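*Asks:* Residue 3 is where the sequence shown starts when you use my numbering, and the numbers rise one by one after that.
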Amino acid sequence: MTLKVSGCTGSQAVAASRAFTADARLTGTQGALSGSTRVGSTVGPGAYEVKVTCADRVVDGRITIAAMGKGASVAPVDAAAHFATVATSGSGPDTAQAVTGLALASSAAVAVGLRTRRGRRTR
């Protein structure tokens, strides 16, 4: 999954969750940071906390991993099209809206990623 964060004053941040195989190292310039991580293959359905630590603040969010049904169809997915945004500046959405956006976009990316991975195992 790819995460994007805007509004951090530094050029680096870290997104951490029990659901990730490793922390996502986010890098960039002028407050626009991005990075990737994977959801662990043994992670079950449910809600998982995500903590994004910037140079000047910490934003807590949540992703939801959905259970997969049997016989789900699988199609190629442009992974770059799935991302989450967290606004940490005073302009635009407030922190609650940004965290909600992160959770919704991350949930979609996680569900698609798990569906794609499980579909490849059955081929």
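Where is the CB? At the ideal position from N, CA and C, for every residue including glycine.
What you are looking at is a predicted structure, and each value in this text was computed from that prediction instead of being measured.
Would you say VAL54 and ALA15 are within 8 Å of each other, going by their C-beta atoms?
*Replies:* For VAL54 and ALA15, yes; Cβs fall inside 8 Å.
*Asks:* Looking at ALA133: is its Cβ nearer than 8 Å to the Cβ of PRO47?
*Replies:* For residue 133 there is no data in the structure shown, the boundaries of the chain being 3 and 125.
*Asks:* Taking only three categories from DSSP, how would you classify GLY12?
*Replies:* Residue state, collapsed to three classes: coil.
*Asks:* Do the CB positions of SER36 and GLY30 come within less than 8 Å of each other?
*Replies:* Cβ atoms of SER36 and GLY30: closer than 8 Å.
*Asks:* Hey, ALA38 and THR4: beta-carbon distance below 8 Å or not?
*Replies:* According to the sequence provided, residue 38 is Ser. The question's Ala does not apply to it. Yes, the Cβ-Cβ distance between SER38 and THR4 is below 8 Å.
*Asks:* Measure the C-alpha to C-alpha separation of GLU51 and GLY33 and round it to an integer number of angstroms.
*Replies:* In a straight line, the C-alpha of GLU51 is about 23 Å away from that of GLY33.
*Asks:* Can you give me the Cβ contacts of THR11 inside the same chain, cut-off strictly under 6 Å, excluding the 5 residues immediately before and after it?
*Replies:* Excluding residues within five positions, the ones whose Cβ falls inside 6 Å are ALA57, ASP58.
*Asks:* Just to confirm the assignment, what range does the beta strand (DSSP E) spanning ARG27 have?
*Replies:* Taken as a continuous stretch (DSSP letters only), the beta strand (DSSP E) holding ARG27 covers 26-31.
*Asks:* Are the CB atoms of VAL7 and LEU28 nearer to each other than 8 Å?
*Replies:* Their beta carbons are under 8 Å apart, which means VAL7 touches LEU28 by this criterion.
*Asks:* CA-CA distance, ALA49 and GLY63?
*Replies:* Going from the Cα of ALA49 to the Cα of GLY63 covers about 10 Å.
*Asks:* Expressed to the nearest angstrom, what Euclidean distance is found between the alpha-carbon atoms of GLY9 and SER19?
*Replies:* Each residue's Cα considered, the two are about 21 Å apart.
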